[in-house]
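Asks: To convert a position in the sequence shown, counted from 1, into the numbering used here, add 1415.
Could you have a look at this structure, given as structure tokens, before my questions?
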Amino acid sequence: MATPEPQEFPESRRVITIETDARTLEKMRKEGVTEDGFTVYCDEAERLGGDNSAPSPMRYLSLSLGF
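Below is the structure:
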């Protein structure tokens, strides 16, 4: 099987900027606010020092991969 020739793509000049604010509340609980006003919270399990009051950061990461 022959190796295909690499394709040439035009140079992209697109810049994407995403700004957020995050702060620690209590214990392991965090609050994040996006530039368009959405607020999300994360926390860790009790065994890790949190209160398990919101999904962990890794849960949000795995969710983002599904979207």
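We treat Cβ as the ideally placed atom computed from N, Cα and C, and that holds for glycine.
Taking the C-alpha atoms as reference points, what is the distance between residue 1476 and residue 1457?
Replies: Here residue 1476 is taken as the residue at index 61 of the sequence shown, counted from 1. Here residue 1457 is taken as the residue at index 42 of the sequence shown, counted from 1. Each residue's Cα considered, the two are about 11 Å apart.
Asks: Give me whichever residues DSSP pairs with residue 1459 in a beta bridge.
Replies: Residue 1459 sits at position 44 when you count from the first residue of the sequence shown. Paired residue(s): none; residue 1459 is not in a bridge.
Asks: Pull up the distance between the alpha-carbon of residue 1481 and that of residue 1473, whole angstroms please.
Replies: Taking the sequence shown and counting its residues from 1, the one referred to as residue 1481 is at position 66. Taking the sequence shown and counting its residues from 1, the one referred to as residue 1473 is at position 58. Going from the Cα of residue 1481 to the Cα of residue 1473 covers about 13 Å.
Asks: Measuring alpha carbon to alpha carbon, tell me which of 1467, 1437, 1426 and 1466 ends up nearest residue 1455.
Replies: By one-based count along the sequence shown, residue 1455 stands at place 40. For residue 1455, the nearest C-alpha among the options comes from 1437.
Asks: Spell out the partners DSSP gives residue 1438 in its beta bridges.
Replies: Against the sequence shown, residue 1438 aligns to sequence position 23. Note: residue 1438 sits in a beta bridge opposite 1446.
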